[in-house]
Amino acid sequence: MPCKPAISSMSLGRAWEHALFDKLQEASLAGFKGIEIFYEDLAYLAATYSGGTKGEQLTTEPSQAELRKAAAEVAKWATSLNLTIISLQPFMYAEGIKDRARHAEKLAELKFWFELCDLLGTDMILLPTTFLPAAQLDSDIAVITSDLREAATLASQHKIKIAFENLAWGTNINTWEVIYSIVKEIDMPNLGICLDTFNICGGIWADPTSSDGKVDNTDEILTASLKRMKETIDVNKIFFIQLIDAQPLHSPLVKGHPWHKDDQPARMSWSRNARCFAYEDGYLPVAKVAETIFEDLGFEGWVSMELFHRELGEKDESIPRRFAERGFESWKKLDQEFKIGGKEAKRPGMSRLQSSFGGALDF
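Have a look at this one:
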């Protein structure tokens with residue numbers, strides 16, 4: 001099957017300012033075929049049933065009944081808009097937690113997510129690597145592998161797939177090589193990986209704390225990593241792709257920078273504020289990674305434009321439309337370069353594309 005374009009619901013505006021239905025509608029109008037449902041969006045929708053929303057914080061956590069109702073409603077919306085819900089994400093902190101009582105709570109939460117997936121009509125959960133403080137985590141790969149195997153086993157009983165993703169700021173795991181080695185060792189058909197171009201490049205090629213935004217010997221490191229990717233990955237273990245870029249910064253993201261937080265890794269702060277769609281004003285070698293994925297490995301399937309950005313929480317009604325259009329324009333350019341979309345890619349996006357920023361950031 002050819003590749004198909006998707007986008008994360010969060011990438012069209014944060015839940016406290018932008019309604020989920022509006023975001024799904026704009027994704028469909030722009031030309032997207034699939035949508036990742038960000039749990040935050042589902043929780044905010046569920047909380048509206050009892051008036052439990054106020055600003056960025058939920059005044060009360062929605063009940064499981066409210067979450068079930070929200071999931072069923074979202075599924076109907078997606079069907080009416082011809083959108084496939086490709087995943088529910090992100091399921092956080094699933095592996096390596098030292099506090100085993102908390103681990104048991106996470107497994108109970110995961111089981112409820114299986115119910116939500118069934119109501120949403122999706123068969124996949126995205127599980128990113130943990131970035132809790134090191135003191136709370138067991139760094140033993142055997143423990144991490146055991147926890148992930150347990151999660152995948154539970155998911156298999158509900159015909160749910162788990163897509164394991166490396167975060168560039170993961171505490172113990174931050175590279176695709178490690179997540180793939182764990183997935184390969186567990187060897188279950190419902191356990192695979194999500195390759196994210198930001199988290200690949202942002203972890204081994206880029207460094208927002210350096211003066212030039214790069215690590216030392218950056219190109220050599222990336223070339224070696226992509227060579228390993230080409231030689232080792234079974235393409236059937238890639239469940240979907242997240243394709244995104246990031247903007248360069250004019251000053252290092254260190255103490256004194258407006259985005260710096262003492263309790264947050266610099267790469268996470270950079271990711272939350274300055275991602276951009278591919279073929280915009282980013283500087284990561286996204287095309288080089290895409291070439292390995294699409295041409296060398298021959299990946300076919302969902303390609304999601306997962307963008308975090310500082311503007312997404314602003315009170316601006318045009319945000320869902322603008323970001324949907326920009327995202328689909330990025331998809332069209334990706335298809336023009338790699339010819340991955342087949343006839344589906346010929347559907348034009350909307351013509352009112354507006355880019356909201358350009359150039360390096362003046363920080």
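UniProt numbering numbers the first residue of the sequence shown as 1 and each following residue consecutively.
The beta carbon of each residue, even a glycine, is placed where N, CA and C say it ideally should be.
In this text, all values refer to a predicted model and were calculated from it rather than measured experimentally.
Residue i, DSSP secondary structure in three states
{"i": "H103", "result": "helix"}
{"i": "A360", "result": "Only weak support is given to the placement of A360: the predicted model assigns it a pLDDT of 47, under 50, and the value that follows is read from those uncertain coordinates. Looking at A360 - three-state DSSP - the assignment turns out to be coil, as it is neither helix nor strand."}
{"i": "E115", "result": "helix"}
{"i": "F277", "result": "coil"}
{"i": "G256", "result": "coil"}
{"i": "I193", "result": "strand"}
{"i": "L29", "result": "helix"}
{"i": "S355", "result": "Low per-residue confidence applies at S355: pLDDT is 31, beneath 50, and the placement is therefore not dependable, though the value from the model is reported in the following sentence. Of the three classes helix, strand and coil, the one that applies to S355 here is coil, per DSSP."}
{"i": "A47", "result": "helix"}
{"i": "A15", "result": "coil"}
{"i": "S146", "result": "helix"}
{"i": "I182", "result": "helix"}
{"i": "P320", "result": "helix"}
{"i": "G342", "result": "helix"}
{"i": "D219", "result": "helix"}
{"i": "M188", "result": "coil"}
{"i": "S271", "result": "helix"}
{"i": "S225", "result": "helix"}
{"i": "S330", "result": "helix"}
{"i": "G298", "result": "coil"}
{"i": "K315", "result": "coil"}
{"i": "residue 382", "result": "As displayed, the chain neither begins before 1 nor continues past 363, which places residue 382 out of reach and without an answer."}
{"i": "D335", "result": "helix"}
{"i": "L284", "result": "coil"}
{"i": "M350", "result": "In this predicted model, M350 has a pLDDT of only 38, less than 50, meaning its place in the structure is not dependable enough to derive any value."}
{"i": "T171", "result": "coil"}
Outcome for residue i when other beta-carbon atoms lying within 10 angstroms are tallied against a minimum of 16
{"i": "L20", "result": "buried"}
{"i": "S80", "result": "exposed"}
{"i": "H309", "result": "buried"}
{"i": "E329", "result": "buried"}
{"i": "K4", "result": "buried"}
{"i": "K33", "result": "buried"}
{"i": "Q57", "result": "exposed"}
{"i": "D245", "result": "buried"}
{"i": "Q157", "result": "exposed"}
{"i": "P128", "result": "buried"}
{"i": "G256", "result": "exposed"}
{"i": "residue 366", "result": "Outside the displayed range of the chain (1 to 363) lies residue 366, so it cannot be described from this structure."}
{"i": "R102", "result": "exposed"}
{"i": "S50", "result": "exposed"}
{"i": "Q336", "result": "exposed"}
{"i": "V235", "result": "exposed"}
{"i": "G349", "result": "The pLDDT assigned to G349 is 43, lower than 50, so where the model puts this residue is not dependable, and the model offers no usable value."}
{"i": "R100", "result": "exposed"}
{"i": "D216", "result": "exposed"}
{"i": "N199", "result": "buried"}
For residue i: DSSP bridge partner residues
{"i": "P128", "result": "E165"}
{"i": "residue 367", "result": "Nothing can be reported for residue 367: it is not among the residues displayed for the chain, which extend from 1 to 363."}
{"i": "T84", "result": "G34"}
{"i": "M305", "result": "I7"}
{"i": "Q89", "result": "F38"}
{"i": "D245", "result": "C276"}
{"i": "I238", "result": "I193"}
{"i": "I160", "result": "I160 is not bridged to any residue."}
{"i": "L137", "result": "I97"}
Integer Cβ distance of residue i from residue j, believed to fall under 8 Å
{"i": "K230", "j": "D296", "result": "4 Å"}
{"i": "A71", "j": "L42", "result": "6 Å"}
{"i": "L249", "j": "G282", "result": "At roughly 12 Å, the Cβ-Cβ gap does not stay under 8 Å, so L249 and G282 are not in contact."}
{"i": "A94", "j": "A151", "result": "5 Å"}
{"i": "W270", "j": "L253", "result": "6 Å"}
{"i": "A75", "j": "G121", "result": "5 Å"}
{"i": "L148", "j": "I182", "result": "6 Å"}
{"i": "E40", "j": "S8", "result": "Not a contact, Cβ separation roughly 10 Å."}
{"i": "S139", "j": "N172", "result": "5 Å"}
{"i": "L334", "j": "A278", "result": "6 Å"}
{"i": "P2", "j": "G341", "result": "5 Å"}
{"i": "K23", "j": "A46", "result": "Contact doesn't hold; Cβ gap of about 16 Å is too wide."}
{"i": "I293", "j": "I241", "result": "6 Å"}
{"i": "K98", "j": "Q136", "result": "6 Å"}
{"i": "G203", "j": "S11", "result": "Actually they do not touch by this definition, with Cβ atoms about 20 Å apart."}
Heavy atom of the ligand PLP within 8 Å of residue i beta-carbon
{"i": "G96", "result": "Within the structure as shown, the ligand PLP is missing, as the structure has no ligands at all."}
### Query
Quick check: the stretch 307-326 against the stretch 282-293, are there 3 or more CB pairs under 8 Å?
They do not touch, by the three-pair rule.
### Query
Between the stretch 160-168 and the stretch 176-192, do at least 3 Cβ pairs fall closer than 8 Å?
In short, these stretches touch, since the Cβ pair count reaches three.
### Message
With a threshold of 8 Å, are at least 3 pairs of Cβ atoms found where one atom belongs to the stretch 204-213 and the other to the stretch 119-139?
### Response
Contact fails: fewer than three Cβ-Cβ distances are below 8 Å.
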